Each structure stands twice: as C-alpha cells, then as structure tokens.
Amino acid sequence: METQDLKCAIVLDESLPIGVAANVSAIMGVSLGKILPDIVGADAEDADGVMHSGIVEIPIPVLQTSSSNIGEIRHAAHDSADGILVVDFSEVAQSCKAYEEYIKKMAKATSRGIAYLGLLLIGQKKFVNKLIGSLPLMR
84 METQDLKCAI
94 VLDESLPIGV
104 AANVSAIMGV
114 SLGKILPDIV
124 GADAEDADGV
134 MHSGIVEIPI
144 PVLQTSSSNI
154 GEIRHAAHDS
164 ADGILVVDFS
174 EVAQSCKAYE
184 EYIKKMAKAT
194 SRGIAYLGLL
204 LIGQKKFVNK
214 LIGSLPLMR
C-alpha cells in the first residue's frame with residue numbers, strides 16, 4: 084500500500100501525565116518501525132554534509148480520549164476486516180519491570196480485561212478515520 088493511502092494516528096489516555104504519554108508514544112512508535120520499516124524515509128544530508136536519520140514519511144497525529152474508549156477502539160479495529168494494524172500499550176506493560184514479566188502477565192490477561200493507555204493505528208485512511216476521526220488532538 085502506498086503511503087499516501089495510509090493514515091496513522093496515536094490515541095492516548097487523556098488522563099496520562101505528559102511524561103508517561105511521551106513514553107507510551109515512543110514505545111509504540113518503535114514497534115511500528117519494526118513492523119513497517121518501509122514507512123521510514125531515507126537519511127537526509129544537511130548543507131554542512133551532516134547526515135540525519137530518516138523519519139517516518141506520513142504524519143502521526145497524537146489524539147486523546149478516555150481509557151475505556153481506547154479499549155473500545157482497539158477491539159473494533161481488531162475485530163474489523165479492514166486490515167488496520169494495531170499497536171497497543173497497556174497497564175499490564177506499564178506495570179512490568181522486565182520483558183519476561185510482561186509476557187507472563189499477558190498470557191494470563193483476557194483481551195477485554197486489559198486497560199489500554201495508548202494505541203497506534205495504521206491502515207487505509209477511510210477505515211482509520213471511521214474509528215478515530217472525531218477524537219481531538221492531545222493538548
């Protein structure tokens with residue numbers, strides 16, 4: 084799929100402190116780069132000959148809503164047949180000190196019982212907009 088056909092957005096719990104919100108966004112962004120490395124553009128050279136790492140080729144607005152609505156959006160995206168990629172970050176993940184602990188805790192959690200702090204959605208614009216088009220930008 085061409086990048087001009089894609090929409091990507093991060094949706095965060097509106098009650099998160101700014102530092103936690105930034106951390107959740109960063110973690111989901113790294114996961115997106117692993118899953119879809121082709122959305123990162125080529126490195127760029129400035130006028131002094133210094134190279135700067137490539138950045139994502141599509142905008143990623145950061146939106147806000149309630150934690151419960153994030154869960155509803157996550158389940159709607161997962162249950163749809165619209166091919167929306169979902170990267171999530173949950174209270175389960177935030178509570179863990181080591182990755183092995185995260186794996187063990189997630190194995191015991193039910194998807195409908197997880198409290199989500201954030202989502203990153205990417206897919207065709209019309210399908211992503213259907214899920215998050217009315218959400219406000221995080222301020």
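With the working numbering as the guide, the letters of the sequence shown map in order to residues 84 to 222.
Here a beta-carbon is modelled for each residue, glycine too, at the ideal position from N, C-alpha and C.
Bear in mind that the values here come from a model prediction, so they are computed numbers and not experimental data.
Euclidean distance between Cα positions of residue i and residue j
i           : j           : result
residue 128 : residue 155 : 43 Å
residue 177 : residue 169 : 18 Å
residue 161 : residue 130 : 45 Å
residue 212 : residue 132 : 40 Å
Assigned secondary structure, residue i (DSSP; H/G/I helix, E/B strand, else coil)
i           : result
residue 162 : helix
residue 129 : coil
Rounded distance between the beta-carbons of residue j and residue i, thought under 8 Å
i           : j           : result
residue 138 : residue 199 : Actually they are not in contact, since the Cβ atoms of residue 138 and residue 199 sit about 26 Å apart, beyond 8 Å.
residue 92  : residue 204 : 6 Å
residue 88  : residue 208 : 7 Å
residue 219 : residue 146 : 7 Å
residue 140 : residue 122 : 6 Å
Outcome for residue i when other beta-carbon atoms lying within 10 angstroms are tallied against a minimum of 16
i           : result
residue 151 : exposed
residue 134 : exposed
Mind the definition here: the segment 111 to 126 touches the segment 183 to 196 only if three or more C-beta pairs lie below 8 Å; say whether that holds. no
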